[in-house]
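Protein chains in written order, with our numbering: chain C, 12 to 313; chain W, 435 to 904.
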């Protein structure tokens with residue numbers, strides 16, 4: 012320190028600061044649901060150019076309930092993308108996007124996670140998907156490449172550190188690169204979503220045109236050599252009854268028609284053995300369990 | 435661009451890299467500095483670059499002409515002042531003046547609409563106009579008064595006027611201090627480099643950790659969310675006092691630190707004003723570059739305290755009213771200036787009376803009284819309306835000692851404690867030496883490493899520097 016004390020002071024400070032930054036950045040309490048991770052997640056899902064062998068499409072029950080990595084493990088490492096969106100409707104816009112994202116070489120597998128809502132006219136608006144799709148290019152760049160770097164330096168409030176071990180009320184979400192959002196809500200309420208679904212289906216039933224379009228596209232995919240699978244996502248018994256009752260959804264008819272069109276329908280065994288934190292979506296552990304089952308079913312049928 | 439933005443981080447990294455290559459090349463480094471400063475300033479609104487260039491050109495040539503034609507110096511100076519003050523008036527005060535005229539005419543039952551007929555550009559305040567206009571004025575006045583030789587190098591002049599660290603929020607640099615620094619080749623010693631880094635870190639800590647976090651509570655209080663009375667408002671105003679101090683002082687520290695990294699020196703702008711034991715003391719520690727500017731270019735030319743006791747009071751009142759108006763084109767700033775003038779006048783009178791009976795001994799009492807006066811003054815500064823001002827003042831003097839709002843807001847308590855530690859730590863370090871002298875370098879390294887980590891992880895929500903609006 013004697014010869015160049017000030018330079019050494021600067022070097023010591025820098026080294027120590029780097030060490031502390033790394034320590035704080037890695038051990039800091041993680042937010043229950045990071046906005047930056049969420050923004051990157053959706054921007055990547057819509058705008059990444061990566062190609063996949065398996066694409067699982069659907070609505071929020073898909074993106075919260077299907078862990079792509081688990082399916083990939085069951086399918087000997089095939090690349091799997093969860094292509095679910097909030098209030099996502101199955102329509103040509105999504106089908107075209109699925110085709111774009113399928114690998115040019117090797118196996119091409121499309122898995123349709125069907126919910127009654129995804130076949131309704133309201134869902135065809137695909138607002139969430141389009142909002143992401145139509146986002147300004149600069150903003151997409153920021154969300155995908157700039158914010159995640161800065162995310163490491165997200166500020167923390169002192170109370171977050173002090174109360175880091177306390178479980179807070181709210182949504183816990185972990186955004187995975189493969190399109191799955193591991194989700195949990197505290198406290199859980201397995202009836203919470205029923206009210207909003209009852210409202211959503213008012214004047215908004217499963218559309219015959221949407222279903223016909225689906226059959227047509229499945230038939231076309233079959234002719235083009237794709238493997239197509241479809242299943243109804245597991246949810247709570249209450250939700251299942253509600254949807255069967257008021258949505259105009261006919262699972263048996265859909266299963267038969269899709270099978271005729273060339274898809275393989277997967278009947279979910281023990282469909283009520285999974286738990287939901289809100290009465291609609293699967294919580295993290297159930298999503299993993301379900302995805303393993305789905306992966307095994309896909310493997311059996313391929 | 436603002437110091438606390440990502441764009442600035444990229445800008446300053448590239449600038450300092452470039453500076454290493456050009457710092458030895460006389461004119462090239464000034465071209466680099468001026469263009470970078472234009473980029474920095476133009477980031478807000480490039481159109482106002484023309485204003486600053488125009489104002490600068492007028493003063494550069496005015497000073498040359500004053501020096502060349504001494505017998506007509508007064509007229510040229512008046513012309514230069516007219517141009518500068520006109521620009522300031524048009525962009526900063528025209529809406530305010532129009533409002534006052536409208537109000538006056540309304541008293542005479544004349545309903546005339548002036549404000550609505552003003553051109554749109556008068557509604558936009560060019561960032562930092564008050565700062566660079568004052569710098570420009572001081573240059574021509576100093577040349578006129580023969581205190582300074584005009585610089586023959588236009589690059590030197592514009593480097594002085596638009597140097598980006600101090601361009602938008604000071605400190606107000608004096609030409610006679612800075613032009614001579616520009617004329618010499620200056621090396622950055624390891625000590626200057628380390629001091630520069632420390633100033634920058636302290637500045638960012640003051641702004642992002644202390645000011646921005648305390649600002650959350652202050653903004654909520656002034657937005658009328660969960661307002662209390664009594665001690666609540668004293669805490670709010672205490673927090674605002676810290677917020678505005680750390681916000682502005684933070685900017686000045688960063689500016690000084692950046693200048694140091696470039697080999698230049700700006701004078702200190704804040705000297706722990708909340709340790710003041712009188713209002714006079716406060717004004718010798720708060721926004722020093724502005725206070726001394728007003729002292730040298732307004733108070734002393736008016737006669738200062740050389741023309742009798744009453745005249746010195748009048749001169750001080752004029753200076754303080756103008757200082758208030760400098761802060762903003764609104765009646766509350768003028769009242770704030772008047773309030774401080776009143777406090778300074780009262781202090782002078784009381785000081786004269788109490789000198790005999792040991793006035794100087796009561797340090798704690800004097801400090802307390804000074805802080806109460808300052809805090810009440812900040813209400814005038816911060817309140818959006820006169821109604822809000824009266825509500826807060828009533829609230830402050832309502833006997834309510836409930837501190838539940840504090841106990842349920844742990845974050846706020848932590849940042850108040852950090853603010854008190856910042857100022858208290860300085861005060862203590864002047865009284866007792868807590869760290870052995872030979873350990874100070876190590877302590878400094880650890881302290882600033884922790885400060886850097888705090889800046890990164892404890893920073894508050896990004897807020898614009900308060901003084902940008904002036």
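Beta carbons are placed, not taken as given, at the ideal position from N, Cα and C, and that holds for glycine.
What you are looking at is a predicted structure, and each value in this text was computed from that prediction instead of being measured.
Please report the straight-line C-alpha distance between residue 312 of chain C and residue 29 of chain C, rounded to a whole angstrom.
52 Å
CA-to-CA distance, residue 880 of chain W to residue 581 of chain W, given in whole angstroms:
45 Å
Beta carbon proximity, residue 628 of chain W to chain C, threshold 8 Å:
yes
Distance, residue 756 of chain W Cα to residue 627 of chain W Cα:
38 Å
Pick from W/642, W/820, W/877 and W/894 that is closest to residue 437 of chain W, judged by C-alpha positions:
W/642
Buried versus exposed, by CB contacts within 10 Å (16 or more), residue 79 of chain C
buried
So if DSSP puts residue 626 of chain W in a beta bridge, which residue, or which two residues, is it bridged to?
DSSP output for residue 626 of chain W lists no bridge partner at all.
Between residue 863 of chain W and chain C, is there a C-beta pair that is closer than 8 Å?
no
From residue 591 of chain W to residue 822 of chain W, what does the alpha carbon distance come to, in whole angstroms?
44 Å
CB contact flag (residue 167 of chain C, residue 644 of chain W, <8 Å)
no
Quick check on residue 313 of chain C: does DSSP put it in helix, strand or coil?
coil
Compare the C-beta of residue 152 of chain C against all C-beta atoms of chain W and say whether one is closer than 8 Å.
no
What is the C-beta distance between residue 298 of chain C and residue 76 of chain C, in whole angstroms, given that I count them as a contact (C-beta under 8 Å)?
5 Å
Report the start-end ranges of each alpha helix (DSSP H) in the stretch 101-154 of chain C that is 4 residues or longer and not cut off at the edges.
103-112, 138-144 and 148-152
For a test of the three-state rule: what should DSSP assign to residue 66 of chain C, helix, strand or coil?
strand
Is residue 13 of chain C close to chain W, meaning its C-beta is less than 8 Å from at least one C-beta of that chain?
Any reading at residue 13 of chain C needs caution, since the residue's pLDDT is 49, under 50, leaving its predicted position unreliable; the model's value is listed next. It does not; no Cβ of chain W falls within 8 Å.
With C-beta atoms as the reference, is residue 283 of chain C less than 8 Å away from residue 248 of chain C?
yes
For residue 249 of chain C, report the span of its alpha helix (DSSP H) as first-last.
248-257
Against chain C, which members of the stretch 833-857 of chain W pass a CB distance test of less than 7 Å?
844, 845 and 848
Whose C-alpha, out of C/56, C/243 and C/281, is nearest the C-alpha of residue 263 of chain C?
C/243
Can you pull the DSSP bridge partners for residue 1 of chain C?
Residue 1 of chain C lies beyond the range of chain C shown here (12 to 313); nothing can be said about it.
DSSP three-state assignment for residue 91 of chain C, whether helix, strand or coil
strand
Euclidean distance between Cα positions of residue 252 of chain C and residue 148 of chain C
43 Å
Assumed close pair residue 697 of chain W, residue 781 of chain W - CB separation to whole angstroms, cut-off 8 Å
Not a contact, Cβ separation roughly 41 Å.
When you check each C-beta in the stretch 864-885 of chain W against every C-beta of chain C, which residues fall closer than 8 Å?
875, 876, 878, 879, 880, 882, 883 and 884
What does a CB cutoff of less than 8 Å around residue 503 of chain W pick up in its chain, not counting 5 residues either side in sequence?
510
Assign residue 13 of chain C to one of three DSSP states: helix, strand, or coil.
Any reading at residue 13 of chain C must be qualified, since the residue scores a pLDDT of 49, below 50, and its modelled position is unreliable; the value itself is stated next. Residue 13 of chain C: coil per DSSP, three-state reduction.
Identify the contact partners of residue 631 of chain W in chain C, using a Cβ-Cβ distance below 7 Å as the criterion.
21
Nearest to residue 777 of chain W by alpha carbon, out of W/603, W/712 and W/726?
W/712
Could you round the C-beta distance between residue 733 of chain W and residue 805 of chain W to whole angstroms and report it? I think they count as a contact, below 8 Å.
Not really, about 25 Å apart at Cβ, beyond 8 Å.
Please list, in chain order, the chain W residues whose beta carbon lies closer than 8 Å to that of residue 277 of chain C.
Chain W residues near residue 277 of chain C: none, gap ~47 Å exceeds 8 Å.
In three-state terms, what does DSSP make of residue 244 of chain C?
coil
So, are the CB atoms of residue 50 of chain C and residue 154 of chain C less than 8 Å apart?
yes
Check for me: the beta strand (DSSP E) holding residue 276 of chain C runs from which residue to which?
275-277
When the distance is taken between beta carbons, is residue 107 of chain C closer than 8 Å to residue 67 of chain C?
no
So which residues on chain W does residue 35 of chain C lean against when the C-beta distance must stay under 9 Å?
887, 890 and 891
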